[in-house]
Amino acid sequence: MKQEEIKEEIRRLAKERNALLLAHNYQRDEIQEMADITGDSLGLSMEAARTDKDVIVFCGVHFMAESASILAPEKIVLLPRPDAGCPMADMVTAEGLREMKARHPGVPVVTYVNSSAAVKAESDICCTSSNAVNVVNSLDADEVLLVPDRNLGRYIATHTDKVCHFWEGYCPTHDRLKVADVERALAEHPDALFMAHPECPPEILKLAQHICSTSGMYEFARQSAAKKFIVGTEAGILYRLRRDNPDKEFILPSPSLICPNMKLTSLEDVLKSLQTMSPEITVPAETRERAKVTLDRMLAVPRD
Ligand code: 13P
Ligand code: SF4
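First residue of the sequence shown: 1096, per our numbering; consecutive thereafter.
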């Protein structure tokens, strides 16, 4: 089948199944182009909860489809590539977290949405890259456990008076970015602003003029008077940055900023998923209810 035929068939089947196609900002260009909605990890799950469609085709990684299923349990959530996981989310297990909690009794656990439903269920509140500092500062506690991203954790620690204990997980993609890569890009483009995702290591964040989530980058690029940006996050974000800001230039400081898991999903996978209505992602009821409490607590924290 030719690409155009596949796209046409996806559109036809999505209509027939009453399905919504969601794509994370790191997905392949052609997947983002096909999607009804593109967005960041949490934004997409909230779209899943909000929609009146029966089926969600989640083009992203496993924890995102789980979050959608937690927030919208009555809907069928399909993950076209069940092998698309998040290595950082896999760095912490519910059992490992229980051990950490036992070492810090009574200290609240703040868990990044990049985590399994089972880990969320063991936590007190979730956070995303866009609200992590607000979430931590909203807690009535002097100490916090920050799970699983050590880089996001250390970033939060610079914006709170609370004592922070970190889980030593990290995103292999963002962790690959080196100071030398950014310095080279800045030397080649002295008129560019450097924006970075908080999953980057602390020494990278020190060089950034703006630190934000993937969706925050669209907003920053749109409203900034600058014409050039060095982009410290996964390459997939460039598709919409360039499409929506044709008068601006976006530079990736390293060719290694590619998440292999985010690139797994192809148009063929999406089509097959709609044809077979699989693989479906569900979360056991007991885990789902506890995980939902942690997501709901996060959603109740006021935004800036
Ligand atoms: P956000 O899109 O929520 O900023 O997350 C980035 C990421 O790495 C998702 O896996
Ligand atoms: Fe996980 Fe990093 Fe890939 Fe996001 S970019 S899915 S955090 S490995």
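Positions of the beta carbon are idealized from the N, C-alpha and C atoms, including for glycine.
Sequence-distant residues of the same chain with beta carbon closer than 8 Å to residue i, five excluded per side
i       : result
Glu1142 : Leu1115, Leu1117, Ile1132, Gly1134
Distance cut-off 7 Å: residue i Cβ against heavy atoms of the ligand SF4
i       : result
His1269 : yes
Val1326 : no
Met1183 : yes
Asn1246 : no
Cys1266 : yes
Met1357 : yes
Cys1259 : no
Glu1329 : yes
Ile1295 : For the record, residue 1295 in the displayed sequence is Cys; it is not Ile. False, no ligand heavy atom lies under 7 Å from that Cβ.
Cys1354 : yes
Proximity test, residue i beta-carbon vs the ligand 13P heavy atom, cut-off 7 Å
i       : result
Asn1120 : yes
Ser1224 : yes
Ser1210 : no
Asp1135 : yes
Glu1481 : Past the edges of the chain, shown from 1096 to 1399, lies residue 1481, and the structure says nothing about it.
Ser1349 : no
Thr1309 : yes
His1292 : yes
Val1396 : no
Val1156 : yes
Own chain, CB closer than 6 Å to residue i, minus 5 neighbours either side, in chain order
i       : result
Arg1249 : Pro1297
Close Cβ partners of residue i (< 7 Å) along its chain, the five nearest in sequence each way excluded
i       : result
Thr1255 : Val1228, Val1231, Asn1232
Lys1148 : Asn1113, Ala1114, Leu1115
Leu1394 : none
Glu1104 : Leu1366
Phe1289 : Val1277, Leu1281, Leu1302, Ala1303, Gln1304, Ile1325, Gly1327
(message) Counting beta carbon pairs with one atom in the region 1220-1227 and one in the region 1178-1190, are three or more of them shorter than 8 Å?
(response) no
(request) Could you say if the region 1361-1377 and the region 1326-1346 meet the contact criterion of at least three C-beta pairs nearer than 8 Å? (result) Flag = no, the region 1361-1377 and the region 1326-1346 do not touch.
(request) Evaluate the contact criterion for the region 1199-1219 versus the region 1228-1243: three or more CB pairs, one atom per stretch, below 8 Å. (result) yes
(request) Could you tell me whether the region 1313-1325 touches the region 1099-1116, using the rule of 3 or more Cβ pairs below 8 Å? (result) The count of Cβ pairs closer than 8 Å, one atom from the region 1313-1325 and one from the region 1099-1116, stays below three, leaving the stretches out of contact.
(message) So, does the region 1156-1165 touch the region 1380-1389, judging by three or more C-beta pairs under 8 Å?
(response) yes
(request) At 3 residues or longer, and completely inside the region 1192-1233: list those beta strand (DSSP E) runs for me, N to C. (result) 1204-1207, 1220-1222
(request) Identify every run of the beta strand (DSSP E) within the region 1232-1273, keeping only runs that are complete inside it and at least 3 residues long; order them along the chain. (result) 1238-1242, 1258-1261
(message) Just to confirm the assignment: which complete alpha helix (DSSP H) runs, minimum length 4, are found wholly within the region 1103-1165?
(response) 1124-1129, 1136-1145
(message) Three Cβ pairs or more, each shorter than 8 Å: is that satisfied between the region 1162-1176 and the region 1368-1375?
(response) Verdict: yes, contact present.
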